[in-house]
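So the structure is just underneath, and the comments pick up after that.
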Amino acid sequence: MTAPSLRQRARAPSATELAGIPWLALLSDADRQEATAALQVGMAEPGDRVCRTGAPSNYWFGVVDGLLKMSNVSLDGHQITYTGIPPGAWFGEGTLLKREVYRYNIEALRKSTVAGLPIEVFWRLLERSIPFNRFVMMQLNERLGQFIAAREIDRNNQPDARVARSLAALFHPVLYPGVGQLLRITQQELAWLVGLSRQRVNQALIALQAAGLIRIEYGGVRVIDLAALRSYQVM
DNA sequence: TCATTAAATTGTT
DNA sequence: AACAATTTAATGA
Numbered sequence: 006m007t008a009p010s011l012r013q014r015a016r017a018p019s020a021t022e023l024a025g026i027p028w029l030a031l032l033s034d035a036d037r038q039e040a041t042a043a044l045q046v047g048m049a050e051p052g053d054r055v056c057r058t059g060a061p062s063n064y065w066f067g068v069v070d071g072l073l074k075m076s077n078v079s080l081d082g083h084q085i086t087y088t089g090i091p092p093g094a095w096f097g098e099g100t101l102l103k104r105e106v107y108r109y110n111i112e113a114l115r116k117s118t119v120a121g122l123p124i125e126v127f128w129r130l131l132e133r134s135i136p137f138n139r140f141v142m143m144q145l146n147e148r149l150g151q152f153i154a155a156r157e158i159d160r161n162n163q164p165d166a167r168v169a170r171s172l173a174a175l176f177h178p179v180l181y182p183g184v185g186q187l188l189r190i191t192q193q194e195l196a197w198l199v200g201l202s203r204q205r206v207n208q209a210l211i212a213l214q215a216a217g218l219i220r221i222e223y224g225g226v227r228v229i230d231l232a233a234l235r236s237y238q239v240m
């Protein structure tokens, strides 16, 4: 269970990996070149901690491929999951802006490719690039809504509703542009994320499918009605 | 490209 | 938690 705090052997990103980084396309040529040169990618095995609470913040992290989980430990020692982090998502900007330590744990749910932008380059882009600022600002704003939603999810004991809202959060189009209509997540991974047994998640998914909100596929879930998923209530 | 086999994932008890 | 059924991925002709 004692995983290394960081992935070993960081390397330069490939062309396909760069294509999966949504904010790169927004930059000017010069800025994009600088960012590309500084970007590092590494692999995270299931259970690996990408960053943990208390560690100094040196990178702005993004998911190129795979699935991560953002969690924290509350005062009474209970673990509380904030959200899953699918491909295309970037996180840690709030911590970087304040030059603080990370206040949450990021753990890989499956074998994942994680990219990191060094803090110096992150700051330089903030100072000079308007599009980059817009992207970061959008992330901050949207995530604020996510944290509030996460509290409601956690307060909610109805398993079906928990699964529904967690799924809706993962399909967030602004925060997670890489997801699309089909979320690649197994029922086991969803169970880890929501904090339920796989059997219960399976039941919940079947119920949601019967309600016409999603379609269950092998190794993934397709969303039919995102709005209804967000506001799902047990009758 | 197709058939066979292994591995992963899902559905059910 | 365990098991069977189903789907995908891998292998080799």
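Each number in the working numbering comes from the position in the first sequence (counting from 1) with 5 added on. The beta carbon of each residue, even a glycine, is placed where N, CA and C say it ideally should be.
Separation of A216 from D230, as counted between CA atoms: Their Cα atoms are separated by approximately 10 Å.
Limits of the unbroken beta strand (DSSP E) element including G121: Its beta strand (DSSP E) spans residues S117 to P123.
Cβ-based burial, N110 [other Cβ within 10 Å; buried from 16]: Buried.
T88, DSSP secondary structure in three states: T88: strand per DSSP, three-state reduction.
Sub-8 Å separation of F176 and W28 beta-carbons: No, these two residues do not count as a Cβ contact at 8 Å.
CA-to-CA distance, E22 to F96, given in whole angstroms: Taken atom to atom, the span from the alpha-carbon of F96 to that of E22 is near 17 Å.
DSSP three-state assignment for L73, whether helix, strand or coil: In the structure shown, L73 falls within a strand segment according to DSSP collapsed to helix, strand and coil.
Option in Q186, G200 and S202 with minimal Cα separation from E222: Checked all of Q186, G200 and S202; the closest Cα to E222 is Q186.
Separation of K74 from A49, as counted between CA atoms: K74 has its alpha-carbon roughly 12 Å from the corresponding atom of A49.
Option in D70, G71 and T86 with minimal Cα separation from N77: Residue T86 is the option with its Cα nearest to N77.
Distance, Q45 Cα to A8 Cα: The predicted model places A8 with a pLDDT of 38, which falls under 50 and marks its position as unreliable, so this point remains unresolved.
Cβ-based burial, A232 [other Cβ within 10 Å; buried from 16]: Residue burial is scored here from C-beta neighbours: A232 has fewer than 16 other C-beta atoms within 10 angstroms and is therefore classed as exposed.
Touching by the beta-carbon criterion (3+ pairs, under 8 Å), the stretch 198-215 and the stretch 117-125: Taking a cut-off of 8 Å for Cβ pairs, the stretch 198-215 and the stretch 117-125 do not touch, as fewer than three such pairs fall below it.
Candidates A173, L102 and P164: closest to L145 by CA position: When each option's Cα is compared against that of L145, the closest is L102.
Sub-8 Å separation of P182 and L114 beta-carbons: No.
Test item: CB-CB of V226 and I190 under 8 Å: Yes. Within cutoff.
Bounding residues of the beta strand (DSSP E) (the contiguous stretch that carries E222): If you look at E222, you'll find it in the beta strand (DSSP E) that goes I219 to E222.
Residues sharing a beta bridge with G99, DSSP: DSSP lists no partner for G99.
P164 versus W128: straight-line alpha-carbon distance, rounded: The straight-line gap from Cα to Cα measures roughly 42 Å.
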